[in-house]
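Chemist: There's a structure below that I have some questions on.
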Amino acid sequence: MFTPKNYQEVIRGYKLRRNILLLLNTFLVLAIILIFMWSFSPGVTERLFVISYPVYLFPVVLITEFAILSRVLSGPVMFLLLSWKGRRVDPSKPEEVFGKYRSAEILEMVRELEKKMDVGYVRHVFVYEGNMSNAMTTDIILLKPYRSSMIVLTSSLVETLNRDELMAALGHEMAHLKRNDVFYNNAVIGPSLMLIWIILILIQNLPEHLNAEPVIASLLVLLPLSVITRPIAKSMARYSEYAADFLSAEANGLLPMANALIKIGQRDDTILGIYYTLQKRYRLDAGVLSGGEFRKELEESLKGVIDPDKAEEITRELVRNYGGSERKRRGELPLLKPKILDWREFDSHIKDYSLDYVELGQLVEALKRGPHLRLFRHVSSSYTFSVFGSHPRFKERIIFLWDAFSKNEEERIYTVMVSRSAAPSPSSDVYVCPFCQVKFRLVPTADGPDEVVCPNCGLKGEV
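So the number in my numbering is just where the residue sits in the sequence shown, counting from 1, plus 694.
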């Protein structure tokens, strides 16, 4: 799969696909209007199809309106549902706890990112219960003077990521808002859906005695065009994901964004692996897996878990509690068995499930050497036919971020606070961490630590 090298390449690819889709959809809408106008013109009445009759016109108009309104009203409807079922991060309840964070801490991150990224219309943040790590955003009101947007986080995401990584995830969603990705996605998908639904209604209700070949033929010619727009729209959505990753990494740093992607991928892969093992290997009944008691116990067991070894213990415990007979395992065919590159092997320094700059570089280098390698076993399967997927693989996103930022990181000089007594003289010199080779300059302060701590890998010591 093609992976862009830099942000300029992403923007060019995104704009090209967006403009093609807008052009195609404009043509589709105009063509539909012209065909409808022609079908009502004098002399054509006897060979009209069902839209000539009000009884058949009504469902066509109804479904067309639904196609448009469902895109326009998706934000307000989601807001109402989350207000009912989700948990709002309420400014009036600063001590309310969401996973590892208080309400005030999450809102502080949002306000800090609004200043960094020049996005001043995030009015609401919601957290809803979910084992999979995910975040999404949408506009409640799109009109500029009154624009109001919301960000939605799953409880799993809030529990799994540290502060810097959570800020990177929030920054990714804010980048979508800043770029108006939600609006453009609706604009390019709506007309093609509308055309497909209209054609299906007309063909379904077409009376046999009406000679409507010219009109139907015209619409059927447009149908493949509307179908073609789907993979282009998916491709455009993938470029928008790359762009959002870049803008978030630009505001928060390469490492928080890359580590957030790795942790999200590992967490989801672990959970999918548990379900897959219980279903395929232990033949646990689907009714049990979807039951409220099972899901509640699984959710409690999985809090903050991203380690596959810990997942094995959880799986065995669930089998003991809910039964299930182990199926005789068959080996996978060598050609079909995915080759997984365990990213944890590169977490060599602190073993904290976060890669520093050197470790991330080693991981990316290994991924580039083996294009067939996957980062995750179960999550990757949902991206097998990635030409039709709206998200790039985690592997591709991490490689893109590294290619886009690694040169800047090499030239970057960090600032490290240190106590005046521990600061050498002169303190303006640039130092290099002996482990990760990151450069930093010391800033003496009254309340700084006595030891120098590397801002990248966390190595402590004296200068």
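Glycine included, every Cβ here is placed at the ideal spot set by N, Cα and C.
#1: Would Ile-968 be called buried (16 or more neighbouring beta carbons within 10 Å of its own) or exposed?
#2: Given this structure, state the Cα-to-Cα distance separating Leu-1054 from Asp-833, to the nearest angstrom.
#3: Could I get the ranges of all uninterrupted beta strand (DSSP E) runs contained in the segment 817-842, with 3 residues as the minimum, in chain order?
#4: Tell me whether the beta-carbon of Glu-987 lies closer than 9 Å to the beta-carbon of Leu-1012.
#5: Report the residue from Leu-972, Arg-989 and Leu-983 whose alpha carbon sits nearest the alpha carbon of Arg-1010.
#6: Do the segment 1082-1093 and the segment 1121-1141 meet, that is, are 3 or more Cβ pairs less than 8 Å apart?
#7: Assuming Val-813 is part of the beta strand (DSSP E), what are its boundary residues?
#8: If distances are taken between C-alpha atoms only, which option among Leu-955, Arg-873 and Lys-997 comes closest to Glu-823?
#9: What would DSSP say about Ile-1000, mapped onto helix, strand or coil?
#10: Between the beta-carbon of Pro-1138 and the beta-carbon of Ser-1113, is there less than 9 Å?
#11: Give me the residue from Thr-831, Lys-1004 and Tyr-795 with the minimum Cα distance to Ile-845.
#12: In whole angstroms, what separates the C-alpha of Lys-810 from that of Gly-793?
#13: Check Val-783 in the structure and name its three-state DSSP category.
#14: From the DSSP output, which residues share a beta bridge with Ile-1107?
#15: Which two residues bound the contiguous alpha helix (DSSP H) that contains Val-1058?
#16: Identify every residue that forms a DSSP beta bridge with Thr-1139.
#17: For a quick check, are the C-beta atoms of Ser-942 and Ala-863 less than 9 Å apart?
#18: From Ile-1000 to Val-723, what does the alpha carbon distance come to, in whole angstroms?
#19: Assuming Leu-855 and Lys-974 make a contact with CB atoms under 8 Å, what is their CB distance in whole Å?
#20: Between the alpha carbons of Asn-700 and Ile-800, how many angstroms are there, rounded?
#21: Cutting at 8 Å between CB atoms, please list the residues of its own chain near Leu-710, excluding the five before and the five after it.
#22: Relative to the C-alpha of Met-1111, which candidate in Arg-1063, Ala-1140, His-1066 and Met-772 has its C-alpha closest?
#23: Just checking my contact of Ser-1084 with Ala-931 at CB under 8 Å: how many whole Å lie between their CB atoms?
#24: Please report how far the alpha carbon of Met-826 lies from the alpha carbon of Ser-849, in whole angstroms.
#25: So, at 8 Å on beta carbons, what are the nonlocal neighbours of Gly-814 in its own chain, with the 5 sequence-adjacent residues on each side left out?
#26: Just reading off the alpha helix (DSSP H) that Val-982 is part of, what are its end residues?
#27: Roughly how many angstroms separate the alpha carbons of Gly-985 and Met-861, rounded to a whole number?
#28: On a CA-only basis, which of Gly-865, Met-772, Val-1132 and Ser-1115 is nearest Tyr-1108? Give me that one, please.
#29: Whose C-beta lies closer than 7 Å to the C-beta of Asn-946 among residues of the same chain, with five residues either side of it excluded?
#30: Buried or exposed for Val-1146, going by 16 or more other Cβ atoms inside 10 Å?
Modeler: Judging by the given coordinates:
#1: Counted from its first residue, the sequence shown places residue 968 at position 274. Ile-968 comes out buried.
#2: Within the sequence shown, residue 1054 is the residue found at index 360, counting from 1. Within the sequence shown, residue 833 is the residue found at index 139, counting from 1. For Leu-1054 and Asp-833, the distance between alpha carbons rounds to 35 Å.
#3: 829-835
#4: Here residue 987 refers to the residue found at position 293 of the sequence shown. Here residue 1012 refers to the residue found at position 318 of the sequence shown. It is not a contact, given that the beta carbons lie outside the stated cut-off.
#5: Here residue 1010 refers to the residue found at position 316 of the sequence shown. For Arg-1010, the nearest C-alpha among the options comes from Leu-972.
#6: no
#7: Here residue 813 refers to the residue found at position 119 of the sequence shown. Careful: Val-813 lies outside any beta strand (DSSP E) and carries neither H nor E.
#8: For the purposes of this step, residue 823 is identified with residue 129 of the sequence shown, where counting begins at 1. The residue with the shortest Cα to Cα distance from Glu-823 is Lys-997.
#9: For this step, residue 1000 is matched to residue 306 along the sequence shown. In this structure, Ile-1000 counts as coil in the three-state DSSP scheme.
#10: The count along the sequence shown starts at 1 and reaches residue 1138 at position 444. The count along the sequence shown starts at 1 and reaches residue 1113 at position 419. Cβ distance < 9 Å, so Pro-1138 and Ser-1113 count as in contact.
#11: Counting from one through the sequence shown, the residue named residue 845 turns up at place 151. Cα-wise, what sits closest to Ile-845 is Thr-831.
#12: Here residue 810 corresponds to residue number 116 of the sequence shown, with the count starting at 1. Here residue 793 corresponds to residue number 99 of the sequence shown, with the count starting at 1. Roughly 25 Å separates the two Cα atoms.
#13: Here the question's residue 783 lines up with position 89 in the sequence shown. Correct three-state label for Val-783: coil.
#14: Looking up residue 1107 in the sequence shown gives position 413. Ile-1107 is bridged to Lys-1133.
#15: Mapped onto the sequence shown, residue 1058 falls at position 364. It spans 1051-1063 - the alpha helix (DSSP H) in which Val-1058 sits, taken as one unbroken run.
#16: Residue 1139 sits at position 445 when you count from the first residue of the sequence shown. According to DSSP, which records beta bridges pairwise, Thr-1139 is partnered with Ser-1113.
#17: Numbered from its first residue, the sequence shown carries residue 942 at position 248. Numbered from its first residue, the sequence shown carries residue 863 at position 169. At the C-beta level, Ser-942 and Ala-863 come within 9 Å of one another.
#18: Residue mapping note: residue 1000 aligns to position 306 of the sequence shown, counting from 1. Residue mapping note: residue 723 aligns to position 29 of the sequence shown, counting from 1. The alpha-carbon atoms of Ile-1000 and Val-723 are separated by roughly 48 Å.
#19: Taking the first residue of the sequence shown as 1, we reach residue 855 at position 161. Taking the first residue of the sequence shown as 1, we reach residue 974 at position 280. That pair is no contact at about 30 Å.
#20: Numbered from its first residue, the sequence shown carries residue 700 at position 6. Numbered from its first residue, the sequence shown carries residue 800 at position 106. Cα-Cα distance, rounded: 30 Å.
#21: As a working mapping, residue 710 is identified with position 16 in the sequence shown. So the list is empty, once near-sequence residues are dropped.
#22: Reading the sequence shown from its first residue, position 417 is the one you call residue 1111. Of the listed residues, the one whose Cα sits closest to Met-1111 is Ala-1140.
#23: Here residue 1084 is taken as the residue at index 390 of the sequence shown, counted from 1. Here residue 931 is taken as the residue at index 237 of the sequence shown, counted from 1. Right, the Cβ-Cβ distance comes to about 4 Å (below 8 Å), so this counts as a contact.
#24: Looking up residue 826 in the sequence shown gives position 132. Looking up residue 849 in the sequence shown gives position 155. Distance between the alpha carbons of Met-826 and Ser-849: 8 Å.
#25: Residue numbering aside, residue 814 sits at position 120 when the sequence shown is read from its first letter. Closer than 8 Å at the Cβ level, and outside the excluded window around Gly-814, lie Glu-808.
#26: As a first step, residue 982 must be located in the sequence shown, where it is residue number 288. Its alpha helix (DSSP H) spans residues 980-983.
#27: Stepping through the sequence shown from its first residue, residue 985 is reached at position 291. Stepping through the sequence shown from its first residue, residue 861 is reached at position 167. Looking at the two C-alpha atoms, the distance is approximately 34 Å.
#28: Your numbering for residue 1108 matches position 414 in the sequence shown. With distances taken between Cα atoms, Tyr-1108 lies closest to Val-1132.
#29: Taking the sequence shown and counting its residues from 1, one reaches residue 946 at position 252. Closer than 7 Å at Cβ, skipping near neighbours: Asp-858, Met-861, Ala-862 and Gly-865.
#30: Your numbering for residue 1146 matches position 452 in the sequence shown. With 16 or more Cβ atoms within 10 Å of its Cβ, Val-1146 is classed as buried.
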